[in-house]
Structure formats: structure tokens, C-alpha cells
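Q:
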Amino acid sequence: MKPETIAIHTPGIGRDGAVAASIQLSTTWQHGPAYENLHGFTYVRDTNPNVADLEARLAAMEGGAVAAAFASGMAAGAALLAGLPEGCRVIFHHDLYHDFRNLAAATFPVRKIEAVFIDMTDLEALGDALTDNTALVWFETPSNPKLDIIDIAAVSRLAHEAGTQVAVDGTFATPVLQRPLDLGADYVIHSLTKYMGGHSDIQGGAVIAREDNDAARALFATRKVTGGVLSPFNAWLVSRGLQTLHCRMEAHCRNAGVLAEFLSAHDRVETVHYPFLSGRAGEDIARAQMKAGGGMLSVEIVGGRDGALAVASRVKLILNATSLGGVESLIEHRASVEGPTPRSPQGLLRLSVGLENADDLIEDLDQALDF
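Following numbering that gives the first Met the number 0, the numbering of the sequence shown begins with 0 at its first residue and continues without gaps.
#1: Using a Cβ distance threshold of 8 Å, determine whether the segment 87-97 contacts the segment 117-126, with at least three qualifying pairs required.
#2: Relative to the C-alpha of residue 87, which candidate in 108, 150 and 67 has its C-alpha closest?
#3: Check each candidate in 251, 223, 113 and 218 and name the one with the smallest Cα separation from residue 173.
#4: Are the CB atoms of residue 100 and residue 241 within a distance shorter than 7 Å?
#5: Are three or more beta carbon pairs between the segment 248-262 and the segment 216-231 nearer than 8 Å?
#6: Check residue 284 in the structure and name its three-state DSSP category.
#7: Can you tell which of 63, 34, 53 and 70 has its C-alpha closest to the C-alpha of residue 44?
#8: Tell me whether residue 127 counts as near the ligand SAH, meaning its Cβ is closer than 6 Å to at least one heavy atom of that ligand.
#9: Mind checking whether residue 205 and residue 151 have CB atoms under 7 Å apart?
#10: On the DSSP letters alone, give me the boundaries of the alpha helix (DSSP H) that residue 335 sits inside.
#11: Less than 8 Å between the CB atoms is what I'm expecting for residue 357 and residue 343, so what's the real figure, rounded?
#12: Considering residue 366, what are the terminal residues of the alpha helix (DSSP H) in which it resides?
#13: Could you have a look at residue 98 and say whether DSSP puts it in helix, strand or coil?
#14: Can you have a look at residue 289 and say buried or exposed, based on whether 16 or more other CB atoms are within 10 angstroms of its CB?
#15: Report the partner residues of residue 198 according to the DSSP bridge assignment.
#16: Over the uninterrupted beta strand (DSSP E) stretch that includes residue 0, give me the two end residues.
#17: Should the segment 325-339 be regarded as contacting the segment 268-288, the criterion being three or more beta carbon pairs within less than 8 Å?
#18: Within its chain, find whatever has a CB closer than 7 Å to the CB of residue 232; leave out the 5 residues flanking it on each side and keep chain order.
#19: Drop a sphere of 10 angstroms on the beta-carbon of residue 39, count the other beta-carbons inside from all chains shown, and report buried for 16 or more, exposed for fewer.
#20: Taking the Cβ atom as the reference point for each residue, do residue 54 and residue 64 lie within a distance shorter than 7 Å?
#21: For the segment 54-82, which segments carrying the beta strand (DSSP E) assignment without a break, of at least 3 residues, lie completely within its bounds, in sequence order?
#22: Would you report the Cα separation of residue 7 and residue 202, rounded to the nearest angstrom?
#23: Does the distance from the C-beta atom of residue 96 to that of residue 143 stay below 7 Å?
#24: For the candidate residues 102, 210 and 157, whose alpha-carbon lies nearest to that of residue 128?
#25: Who are the Cβ neighbours of residue 361 in its own chain at under 8 Å, not counting the five residues just before and after it?
#26: Inspect the beta-carbon positions of residue 368 and residue 310 and report whether they are closer than 7 Å.
#27: Tell me, please, which residues DSSP counts as bridged to residue 106.
#28: Can the beta-carbon of residue 331 be found less than 7 Å from the beta-carbon of residue 349?
#29: Taking all protein chains shown into account, do 16 or more other C-beta atoms lie within 10 angstroms of the C-beta of residue 18, making it buried, or fewer, making it exposed?
#30: Buried or exposed: residue 193, going by 16 or more other Cβ atoms within 10 Å of its Cβ?
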């Protein structure tokens with residue numbers, strides 16, 4: 000079955016004849032006197048029926064063996080990093096969601112883990128960075144916020160030859176557009192808060208593993224002891240969101256492609272970062288491993304920081320807000336979000352292109368660029 004069918008027809012829990020799954024809010028289940036598991040569940044921090052349902056859908060959609068859902072995307076990524084051995088090396092692509100960079104800076108020194116940041120579009124640089132103690136290669140594709148495209152298959156081959164595992168953050172693409180496990184990755188990470196929830200009203204995260212092994216099972220142990228379990232209601236909302244994900248992604252991609260073309264021709268725009276934009280670096284790889292260009296783009300505005308903030312302050316329909324993947328279009332000056340030591344260019348604005356009419360979005364951006 001294709002991912003859009005899987006999302007609808009792969010519930011992880013039994014049904015009682017109801018077409019829509021129910022929400023099970025119980026935090027605990029009756030067990031035997033010696034803690035025998037009588038009903039498949041014991042305590043909500045271990046798991047619950049709605050989380051089990053969601054995990055079954057996610058694993059099936061990504062073609063993975065097992066999925067672990069968490070209370071946030073950061074909790075999911077942190078759990079994967081928590082399983083790494085002390086004294087190892089982790090190689091990250093240099094365009095990385097800023098809080099994972101912050102997480103590495105805060106937690107790696109205690110465990111003597113070395114974080115290395117390279118341009119992973121350069122396979123030779125990756126080969127030079129791989130060492131005997133490299134435990135994980137981690138990248139986003141498309142990346143956040145510059146939408147760099149990393150060749151998943153090529154990176155996975157290099158990493159596996161060195162005995163290293165590969166984790167791909169697929170939040171921007173979703174399994175509707177890209178399936179990293181099919182291309183050789185060992186793990187896929189998602190912020191469920193974004194496209195999978197799809198309505199800017201839930202927070203969640205997940206790691207999907209290609210193999211059901213000790214490392215994958217450690218994710219569940221970490222979730223249990225840290226308490227990072229996803230709530231039943233949020234799990235139910237994400238499962239519902241998955242069932243319309245393919246329809247929403249078609250519209251997100253269509254609108255983003257139209258806006259990318261419009262912005263690339265505007266004299267106030269220096270650069271447009273969009274995977275399927277003709278002539279852009281990485282376009283051939285993006286078209287080979289993605290079904291469409293996605294709903295995210297970023298632009299670098301003439302005039303640097305002042306120009307970018309002028310545009311962000313003039314939009315009327317598009318909202319200045321963090322996050323992405325909802326039905327409404329959002330714009331964000333990433334350097335301001337990233338704090339006192341930003342990595343993003345000062346002139347860069349990230350756009351999450353929503354489901355509004357594309358003509359209305361173009362009209363809003365056109366007047367905002369007239370500064």
C-alpha cells in the first residue's frame with residue numbers, strides 16, 4: 000500500500016465497530032497482583048492505546064520496523080542522542096535546527112561526545128570527517144532554514160562503510176514526499192507538531208527505526224524514565240492529521256512552488272531557497288529523492304536584516320509566528336529567533352506556505368516587498 004492508504008488503514012489498536020478511533024484517557028490499567036499485564040497496557044508513561052495507534056501508522060508510512068512517539072520533536076531527538084556511547088563523535092550537517100545545536104552544546108561535553116558540523120552536500124568532506132568512533136551522522140533534508148538538499152543514499156553508503164548509523168530529520172518533507180529508510184537511513188526523526196498534526200494545535204515528535212533492535216528499544220526505555228510520553232489526545236490528533244496529510248501536502252507544495260517562482264523573479268529578493276526551483280543547487284538530488292518540493296521555502300532579502308524585517312513587518316495576511324506545517328502561512332526572521340549567536344543570514348526569512356489561495360499570498364508578499 001502507498002503511504003496515503005497506510006495512514007488511513009493501519010490502526011494499531013482494535014476497533015469496536017466505530018469508524019473513528021476513540022480517545023483513551025485512562026492513565027492506568029488494572030493488572031494482576033504480581034504486575035501481570037492483563038489488558039495490553041499498564042501505565043500511561045509506558046504507552047497508551049492512542050500512542051500505540053499512532054506509532055503503528057508512523058512505522059508503516061515510513062517503512063520502518065518500529066516507531067517511538069514523544070511529547071515533542073526535541074524530546075524525540077534527545078532520546079536518540081541519549082543512546083549514544085560516551086566518547087563518540089556525531090557529525091551534523093551545518094544547517095541544522097538551532098535547538099539541536101544548543102542541545103549538543105549543553106549535553107555532549109558531560110559525556111565527552113564530540114559534535115562536528117560540516118557541509119554534508121560535500122561527500123568528500125563527510126568522508127574526511129568519518130572516524131572509527133563516529134556513532135551517528137545526523138542531517139535534515141531539506142534542511143532548516145536554508146533547505147539544503149542532502150543525498151540520503153550517498154551519505155548512508157559512506158556512513159555504513161565506516162560502521163556509522165544515519166539519522167535523517169524528515170520534518171519538512173514528511174513520508175508523503177520522501178522516505179529516508181528506503182534510501183538507507185537507520186532512523187527518521189519528525190516533529191509531529193508540524194505537517195503531521197497540520198493545524199498548529201498539537202506538540203509531538205517521533206523516531207522511526209529501520210530495525211527493531213536494542214538501540215530502537217532503548218528509545219522506549221528513555222521515554223519511560225524521562226516522562227516524555229505523548230498525551231493520548233495529542234496522539235489521537237496526529238493520527239487524524241496523518242489521514243489527510245497527503246491531500247494537504249499536495250496543496251502546500253503547489254502553493255510553495257508558485258511563491259518560489261514569484262519571489263525568484265522579484266528585484267527585492269536576492270536568493271530563493273526551494274528544493275524544486277529550476278537551477279538551484281541540489282535540485283537534481285531533490286527531484287530524485289522527493290516526490291515534490293514541499294511547503295517550505297526561505298528567501299534572502301535585499302538590504303540584509305533591515306530589508307528582511309521591513310518585509311516581515313509589512314505582511315498582512317501571512318502571520319509572523321514560529322513553527323510550520325499548519326493550514327495558515329507563517330513568516331519568520333530566523334536570525335532573531337535563534338538568539339544572540341544566530342547561524343542564519345540576517346536577511347533570511349523562512350516561510351511556511353499554507354493552504355490559502357496562492358494569488359492572495361502573492362499579493363500580500365508583493366505589497367510587503369514594496370518597501
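Beta carbons: idealized from backbone N, C-alpha and C, even for Gly.
A: So, from the data block:
#1: With the cut-off at 8 Å, the segment 87-97 and the segment 117-126 touch.
#2: Indexing the sequence shown from 1 puts residue 87 at position 88. Measuring C-alpha to C-alpha distances from residue 87 to each of 108, 150 and 67 identifies 108 as the nearest.
#3: By 1-based counting over the sequence shown, the position of residue 173 is 174. The candidate whose alpha carbon is nearest that of residue 173 is 251.
#4: One-based indexing of the sequence shown puts residue 241 at position 242. One-based indexing of the sequence shown puts residue 100 at position 101. In this structure, residue 100 does not lie closer than 7 Å to residue 241 by Cβ.
#5: Taking a cut-off of 8 Å on C-beta distances, the segment 248-262 does not touch the segment 216-231, as fewer than three cross pairs fall below it.
#6: Taking the first residue of the sequence shown as position 1, residue 284 is located at position 285. Note: residue 284 maps to helix in three-state DSSP.
#7: Counting from one through the sequence shown, the residue named residue 44 turns up at place 45. Put simply, of 63, 34, 53 and 70 the residue whose alpha carbon is nearest the alpha carbon of residue 44 is 70.
#8: This structure does not include the ligand SAH; it has no bound ligands of any sort.
#9: Your numbering for residue 205 matches position 206 in the sequence shown. Your numbering for residue 151 matches position 152 in the sequence shown. Between residue 205 and residue 151, the CB-CB gap reaches or exceeds 7 Å.
#10: Indexing the sequence shown from 1 puts residue 335 at position 336. Unbroken alpha helix (DSSP H) run through residue 335: 333-336.
#11: Indexing the sequence shown from 1 puts residue 357 at position 358. Indexing the sequence shown from 1 puts residue 343 at position 344. The distance from the Cβ of residue 357 to that of residue 343 is about 26 Å, inconsistent with a contact at the 8 Å cut-off.
#12: As a working note, residue 366 is residue 367 in the sequence shown. For residue 366, the enclosing alpha helix (DSSP H) covers residues 357-367.
#13: Residue 98 sits at position 99 when you count from the first residue of the sequence shown. In the structure shown, residue 98 sits in a helix (DSSP, three-state: H, G or I).
#14: For this step, residue 289 is matched to residue 290 along the sequence shown. Around the C-beta of residue 289, 16 or more other C-beta atoms lie within 10 Å, and the residue is accordingly described as buried.
#15: For the purposes of this step, residue 198 is identified with residue 199 of the sequence shown, where counting begins at 1. According to DSSP, residue 198 shares a beta bridge with no other residue.
#16: Here residue 0 is taken as the residue at index 1 of the sequence shown, counted from 1. Careful: residue 0 lies outside any beta strand (DSSP E) and carries neither H nor E.
#17: In short, these stretches do not touch, since the Cβ pair count stays below three.
#18: The residue given as residue 232 occupies position 233 in the sequence shown. Here residue 232 has 22 as same chain residues with Cβ atoms under 7 Å from its own Cβ, once five neighbours each way along the sequence are excluded.
#19: Taking the first residue of the sequence shown as 1, we reach residue 39 at position 40. By the 10 Å Cβ count, residue 39 comes out exposed.
#20: Here residue 54 refers to the residue found at position 55 of the sequence shown. Here residue 64 refers to the residue found at position 65 of the sequence shown. It is not a contact, given that the beta carbons lie outside the stated cut-off.
#21: List check, beta strand (DSSP E) in window: 65-69.
#22: Numbered from its first residue, the sequence shown carries residue 7 at position 8. Numbered from its first residue, the sequence shown carries residue 202 at position 203. Linking residue 7 to residue 202 through their CA atoms gives a straight-line distance of about 21 Å.
#23: Numbered from its first residue, the sequence shown carries residue 96 at position 97. Numbered from its first residue, the sequence shown carries residue 143 at position 144. Note that the C-beta distance between residue 96 and residue 143 is below 7 Å.
#24: Reading the sequence shown from its first residue, position 129 is the one you call residue 128. That would be 157, whose Cα lies nearest to the Cα of residue 128.
#25: Residue 361 sits at position 362 when you count from the first residue of the sequence shown. Here residue 361 has 257, 258 and 261 as same chain residues with Cβ atoms under 8 Å from its own Cβ, once five neighbours each way along the sequence are excluded.
#26: As a working mapping, residue 368 is identified with position 369 in the sequence shown. As a working mapping, residue 310 is identified with position 311 in the sequence shown. Going by C-beta atoms, residue 368 is nearer than 7 Å to residue 310.
#27: As a first step, residue 106 must be located in the sequence shown, where it is residue number 107. Its beta-bridge partners do not exist; DSSP assigns none.
#28: Here the question's residue 331 lines up with position 332 in the sequence shown. Here the question's residue 349 lines up with position 350 in the sequence shown. Yes. Within cutoff.
#29: Position 19 of the sequence shown holds residue 18. Exposed, by the Cβ-count rule.
#30: Residue numbering aside, residue 193 sits at position 194 when the sequence shown is read from its first letter. Buried is the label assigned to residue 193, since at least 16 other Cβ atoms lie within 10 Å of its Cβ.
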